[in-house]
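Shown next, in structure tokens, is the structure this report addresses.
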Amino acid sequence: MTDTSSSHHGAPGRRWQLDTALAHLGRASAVAAKSVNPPIVRASTTVFESLAEFKASYQGTVFEAPRYGRSGTSTNFELQAAMAGLCGAQTCIATPSGLSAIAAVLGAHARPGCQILVQENVYGPTQTLCEKVLGPLQCRIDYFGSADALEEKLTAQAALIFLEVPSSLTMQMVDVAAVCEIARRQGVPVACDSTWGTPVFFDAHALGIDISLHAATKYINGHSDTLLGLLTGSYEALQSTRAWCDRHGTHVSADSCALALRGMRTLGLRMARHDASALAVASWLQAQPQIARVLFPALPSDPGHALWKQQFTGGPGPFTVELTPCSEPAYERFIDALRLFGLGTSWGGFESLVMPAIPHHLRALAVQPDDGRLVRFHIGLEAPEDLCSDLHEALRHVHR
Ligand SMILES: Cc1ncc(COP(=O)(O)O)c(C=O)c1O
828 MTDTSSSHHG
838 APGRRWQLDT
848 ALAHLGRASA
858 VAAKSVNPPI
868 VRASTTVFES
878 LAEFKASYQG
888 TVFEAPRYGR
898 SGTSTNFELQ
908 AAMAGLCGAQ
918 TCIATPSGLS
928 AIAAVLGAHA
938 RPGCQILVQE
948 NVYGPTQTLC
958 EKVLGPLQCR
968 IDYFGSADAL
978 EEKLTAQAAL
988 IFLEVPSSLT
998 MQMVDVAAVC
1008 EIARRQGVPV
1018 ACDSTWGTPV
1028 FFDAHALGID
1038 ISLHAATKYI
1048 NGHSDTLLGL
1058 LTGSYEALQS
1068 TRAWCDRHGT
1078 HVSADSCALA
1088 LRGMRTLGLR
1098 MARHDASALA
1108 VASWLQAQPQ
1118 IARVLFPALP
1128 SDPGHALWKQ
1138 QFTGGPGPFT
1148 VELTPCSEPA
1158 YERFIDALRL
1168 FGLGTSWGGF
1178 ESLVMPAIPH
1188 HLRALAVQPD
1198 DGRLVRFHIG
1208 LEAPEDLCSD
1218 LHEALRHVHR
């Protein structure tokens, strides 16, 4: 049963349950417009009513209101305030995509000679960014698979620990609370790609994470029609990342923010459905003879299930399966026979998707599949029975 009843959401001083916060946060500017939703304000230029107001907008590095178009209009600030409230954080920064949020955090913490510790099997482009951008800047990148391994690898030069739970594709868990405790003792900040859990199922800051980031492109927007990143944390934890965004001209359009706010209103309902349907379809697949294993920590049989139960209150829609060995033409027929699963690399929308693993997804796998045939499914909001029928028809090809 999905538990979405955690009660720490809302503006400071308010303690709402999640669904109430999702419905009410980020609507302050709607009052003046006499509308339910905040207006979509498009602007490159912000104008001020007085010199005093203009000067005030340039005081300090923290700002929670429009200053110049790059930092966003009232629409952006509504989304950021809503997300901060949902996550129980002081502040939020919007970026143009999930990957740009990752780049901002890594870029803001990297300095020559530092060590960046990254959880194994994180999203492929995060690893590429570490190796191709931070490596040449003389940063040492060390990967770790557990809190114990992190402790062994941590040096005095550590500048950031970067997590993603569960990790992309392999969906491996790590003990987040243990990692945060080690990091706290050594004074090293912890950032986490929290996209999988969303604020509905994964309370990143309560577990000790300093900077939590979301590819809001996925579940928060939820309709596969915009790209967006959201970073949450305290003013202090996000200070260098905000400065990095400011210096790099990081900007998100008001239209993207309005779409994400609209999507956010139904996040609780959608996540409950993704949770139930993914578990139903993954359990069904586990019993099929063409499936060698299902990698999904929400399943009781998964090695990460105990950690998952401690850290998550529900499961995301994506999981990975390994097919039993079959020929390449049979594999192609299986993928092409799927009618209800779009063939694409994303997830988090209302629709189901299938993504065959490509070599860069597989490079860091501890247990290599026999013939490399790992397939990720995203379970959308369709009826799970229809999805299982579609899979049943397509799986017939795996034996031929
Ligand atoms: C776990 C995870 N983090 C980050 C991203 C990047 O998000 P975006 O596509 O918005 O750059 C993705 C995209 O697939 C992802 O799966």
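Throughout the sequence shown, residue numbering follows the numbering used here, covering 828 to 1227 in sequence. Glycine included, each C-beta is placed from N, C-alpha and C at the ideal position.
Just the C-alpha distance for A1070 and A931, rounded to the nearest angstrom, thanks. Taking the sequence shown and counting its residues from 1, one reaches residue 1070 at position 243. Taking the sequence shown and counting its residues from 1, one reaches residue 931 at position 104. Each residue's alpha carbon lies about 9 angstroms from the other.
By a C-beta neighbour count over all protein chains shown, 10 Å radius and 16 as the cutoff for buried, is I1185 buried or exposed? For the purposes of this step, residue 1185 is identified with residue 358 of the sequence shown, where counting begins at 1. So I1185 ends up on the exposed side.
From the DSSP output, which residues share a beta bridge with I920? In the sequence shown, counting from the first residue as 1, residue 920 sits at position 93. Partner(s): L1058.
Distance, Cα to Cα, F1161 vs Q1115? Counting from one through the sequence shown, the residue named residue 1161 turns up at place 334. Counting from one through the sequence shown, the residue named residue 1115 turns up at place 288. Computed Cα separation, rounded: 14 angstroms.
Element boundaries [beta strand (DSSP E), containing E1149]: To locate residue 1149, count along the sequence shown from 1; it is residue 322. First-last of the beta strand (DSSP E) with E1149: 1145-1150.
Distance cut-off 6 angstroms: T1022 Cβ against heavy atoms of ligand 1: Taking the first residue of the sequence shown as 1, we reach residue 1022 at position 195. For ligand 1, a non-hydrogen atom lies closer than 6 angstroms to the CB of T1022.
Check this for me: beta carbons of M998 and F1123, under 7 angstroms apart or not? Numbered from its first residue, the sequence shown carries residue 998 at position 171. Numbered from its first residue, the sequence shown carries residue 1123 at position 296. Closer than 7 angstroms, so yes.
DSSP three-state call for G1176: helix, strand or coil? Taking the sequence shown and counting its residues from 1, one reaches residue 1176 at position 349. G1176 falls in the coil class under three-state DSSP.
Which of the three DSSP states is assigned to I1036 in this structure? Mapped onto the sequence shown, residue 1036 falls at position 209. Three-state result, I1036: coil.
Report yes if the C-beta distance between A855 and T1059 is below 7 angstroms; otherwise report no. For the purposes of this step, residue 855 is taken as residue 28 along the sequence shown, with counting starting at 1. For the purposes of this step, residue 1059 is taken as residue 232 along the sequence shown, with counting starting at 1. No, these two residues do not count as a Cβ contact at 7 angstroms.
If you pair each beta-carbon of the stretch 1080-1097 with each one of the stretch 898-912, do three or more pairs fall below 8 angstroms? yes
Between which two residues does the alpha helix (DSSP H) carrying V868 extend? Indexing the sequence shown from 1 puts residue 868 at position 41. V868: not part of any alpha helix (DSSP H); DSSP gives it neither H nor E.
What's the gap between the Cα of H851 and the Cα of E1149? As a position in the sequence shown, residue 851 is number 24, starting the count at 1. As a position in the sequence shown, residue 1149 is number 322, starting the count at 1. Their backbone Cα atoms lie some 42 angstroms apart in a straight line.
Residues near Y895 in its chain [Cβ-Cβ closer than 6 angstroms; skip 5 each side]: If you number the sequence shown from 1, residue 895 lands on position 68. Excluding sequence neighbours, Y895 sits near T873.
Just to confirm before moving on: does the CB-CB distance between P893 and T900 stay below 7 angstroms? For the purposes of this step, residue 893 is taken as the residue at position 66 of the sequence shown. For the purposes of this step, residue 900 is taken as the residue at position 73 of the sequence shown. In this structure, T900 lies closer than 7 angstroms to P893 by Cβ.
I'd like the list of long-range same chain contacts for G1095, defined as Cβ closer than 7 angstroms, with 5 residues on each side in sequence excluded. By one-based count along the sequence shown, residue 1095 stands at place 268. Excluding positions up to five away in sequence, the list reads T831, L845, D846, L849, V1027.
Counted within 10 angstroms of its Cβ, other Cβ atoms place G940 as buried (16 or more) or exposed: Taking the first residue of the sequence shown as position 1, residue 940 is located at position 113. Exposed: under 16 other Cβ atoms inside 10 Å.
In whole angstroms, what is the alpha-carbon distance linking K980 and A921? The residue you call residue 980 lines up with position 153 of the sequence shown. The residue you call residue 921 lines up with position 94 of the sequence shown. Rounded to the nearest angstrom, the two C-alpha atoms are 32 angstroms apart.
Sequence-distant residues of its chain with Cβ nearer than 6 angstroms to G1175 (five each side left out): Sequence index remark: in the sequence shown, residue 1175 carries index 348 (1-based). Within the same chain, G1175 has close Cβ partners K1045, Y1046.
Taking only runs that begin and end inside the stretch 969-1048, name each unbroken beta strand (DSSP E) of 3 or more residues, in chain order. 985-991, 1017-1020, 1038-1042
Is the closest heavy atom of ligand 1 to the C-beta of T1044 under 6 angstroms? Indexing the sequence shown from 1 puts residue 1044 at position 217. Under cutoff, so the answer is yes.
Check whether the Cβ of S1080 sits closer than 6 angstroms to any heavy atom of ligand 1, and report yes or no. The residue given as residue 1080 occupies position 253 in the sequence shown. S1080 Cβ: outside cutoff for every heavy atom of ligand 1.
So R1089 is in the alpha helix (DSSP H); what residue range does that whole segment cover? In the sequence shown, the residue the question calls residue 1089 occupies position 262. Element bounds for R1089: 1081-1091.
Inter-stretch contact at 8 angstroms, needing at least 3 Cβ pairs: the stretch 863-883 / the stretch 1049-1063: no
D830, DSSP secondary structure in three states: To locate residue 830, count along the sequence shown from 1; it is residue 3. Residue placement at D830 is poorly supported in this model, since its pLDDT is 43, which falls under 50; the coordinates are not used for a value here.
Are there 16 or more other CB atoms within 10 angstroms of the CB of S834, so buried, or fewer, so exposed? In the sequence shown, counting from the first residue as 1, residue 834 sits at position 7. For S834, the predicted structure reports a pLDDT of 47, less than 50, and the residue's modelled location is therefore unreliable. A value from the coordinates is still provided. Answer is exposed; the Cβ neighbour count stays below 16.
Are the beta-carbon atoms of D984 and Q946 separated by less than 7 angstroms? Translated into positions along the sequence shown, residue 984 becomes position 157. Translated into positions along the sequence shown, residue 946 becomes position 119. According to the sequence shown, residue 984 is Gln rather than Asp. Going by C-beta atoms, Q984 is not nearer than 7 angstroms to Q946.
Give every residue of the same chain whose Cβ lies closer than 6 angstroms to the Cβ of A1043, excluding the five residues on either side of it in the sequence, and list them in chain order. Locating residue 1043 in the sequence shown gives position 216, counting from the first residue. For A1043, where only same-chain residues beyond five positions count, the Cβ hits under 6 angstroms are L1055, L1057, A1087.
How would you write the range of the beta strand (DSSP E) that V1202 sits in, first residue to last? For the purposes of this step, residue 1202 is identified with residue 375 of the sequence shown, where counting begins at 1. Counting along the chain, the beta strand (DSSP E) containing V1202 begins and ends at 1201-1205.
If contacts are defined as beta-carbon pairs under 8 angstroms, then V949 and S995 qualify, I think. What distance do you get, rounded to the angstrom? The count along the sequence shown starts at 1 and reaches residue 949 at position 122. The count along the sequence shown starts at 1 and reaches residue 995 at position 168. About 6 angstroms separates the two Cβ atoms, so the contact holds.
Considering only the beta carbon of each residue, do L977 and V1015 sit closer than 7 angstroms? In the sequence shown, counting from the first residue as 1, residue 977 sits at position 150. In the sequence shown, counting from the first residue as 1, residue 1015 sits at position 188. Between L977 and V1015, the C-beta gap is not smaller than 7 angstroms, which leaves the two residues out of contact.
Identify every residue that forms a DSSP beta bridge with G1169. Here residue 1169 corresponds to residue number 342 of the sequence shown, with the count starting at 1. L1180.
For ligand 1, is there a heavy atom less than 6 angstroms away from the beta-carbon of G925? As a working note, residue 925 is residue 98 in the sequence shown. Indeed, a heavy atom of ligand 1 lies less than 6 angstroms from the Cβ.
Quick check: does the Cβ of Y1062 come within less than 6 angstroms of any heavy atom belonging to ligand 1? Numbered from its first residue, the sequence shown carries residue 1062 at position 235. Incorrect: Y1062 has no Cβ contact closer than 6 angstroms to ligand 1.
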